[in-house]
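Asks: Numbering-wise (the numbering used here), the sequence shown opens with residue 1 and increments by one. Take a look at this one; I'll ask things after.
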Amino acid sequence: MTNREEQFRQRLLATFQSEAEEYVKGILLGLADLEVALESPPLEEAELIEPIYRQFHSLKGAAQALSFDEVSKLCQGAESILATWKKDLSSATKSQNTKIVDSTLRIAKILGIDPQRLFSLSSAELPAVPSPAASSPSH
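Right, dumping it as structure tokens:
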């Protein structure tokens with residue numbers, strides 16, 4: 001790879017990183033709203049699902065373009081759940097929402113994004129964000 005190609009790749013990665021942070025933030029905020037809506041079923045607001053779905057779809061495409069295969073797979077899994085919800089709102093569950101949050105946090109970790117840094121909210125206001133100590137296995 002030439003120096004010029006490497007510089008282009010570095011700029012591309014920097015752009016991806018910035019966009020990925022915005023997607024992760026938007027997804028987590030959307031999932032927080034969705035979690036609140038799931039507190040009082042039945043879920044009647046399909047418009048909460050579509051923006052989250054689109055952000056996962058955009059992140060998946062960008063990840064695929066840069067060969068972030070695990071990120072792409074995690075996005076696809078979340079998209080699949082959200083697509084089911086778009087067809088049948090009654091199928092939406094808190095446990096599936098938690099699974100999507102967990103996938104989003106895994107994506108953030110893979111990409112070196114600190115979700116707490118993305119928000120001016122306290123950690124209690126974020127959707128199901130486990131503390132590092134809680135998610136680390138005990139030795």
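The C-beta atom is built at its ideal place from N, Cα and C for all residues, glycine as well.
Any idea if N97 is buried or exposed, counting beta-carbon neighbours within 10 angstroms, 16 or more meaning buried?
Replies: When all chains shown are included, N97 counts as buried.
Asks: What residue does the alpha helix (DSSP H) around L140 start on, and which one ends it?
Replies: Nothing about residue 140 can be read from this structure; the chain reaches only from 1 to 139.
Asks: Count the other CB atoms, across all protein chains shown, that sit within 10 Å of the CB of E47; report buried if there are 16 or more and exposed otherwise.
Replies: E47 is exposed by the Cβ-count criterion.
Asks: Only counting the same chain, and skipping five residues up and downstream in sequence, which positions put a Cβ closer than 7 angstroms to that of L118?
Replies: The answer, listed in chain order, is E21, V24 and K25.
Asks: Quick one: what does DSSP say F119 is sitting in, helix, strand or coil?
Replies: Coil, per DSSP.
Asks: What do you reckon, are the CB atoms on L82 and Y53 nearer than 8 angstroms?
Replies: Yes.
Asks: Which residue's Cα is closest to the Cα of F16: G77, G61, K99 and S91?
Replies: Measuring from the Cα of F16, the nearest candidate turns out to be G61.
Asks: Could you give the residue range of the alpha helix (DSSP H) that holds D102?
Replies: First-last of the alpha helix (DSSP H) with D102: K94 to I110.
Asks: Pull up the CB-CB distance for L31 and A92, whole angstroms please, since I reckon it's below 8 angstroms.
Replies: In fact, because the Cβ distance is near 11 angstroms, the residues do not count as touching under 8 angstroms.
Asks: In or out: E19 buried (at least 16 other Cβ within 10 Å) or exposed?
Replies: E19 is exposed by the Cβ-count criterion.
Asks: Whose CA, out of R11, I110 and F8, lies closest to the CA of F68?
Replies: Checked all of R11, I110 and F8; the closest Cα to F68 is I110.
Asks: Residues in the same chain with beta-carbon distance under 6 angstroms from A141, minus the five sequence neighbours each way, listed in chain order, please.
Replies: Since the first residue of the chain shown is 1 and the last is 139, residue 141 is not available in this structure.
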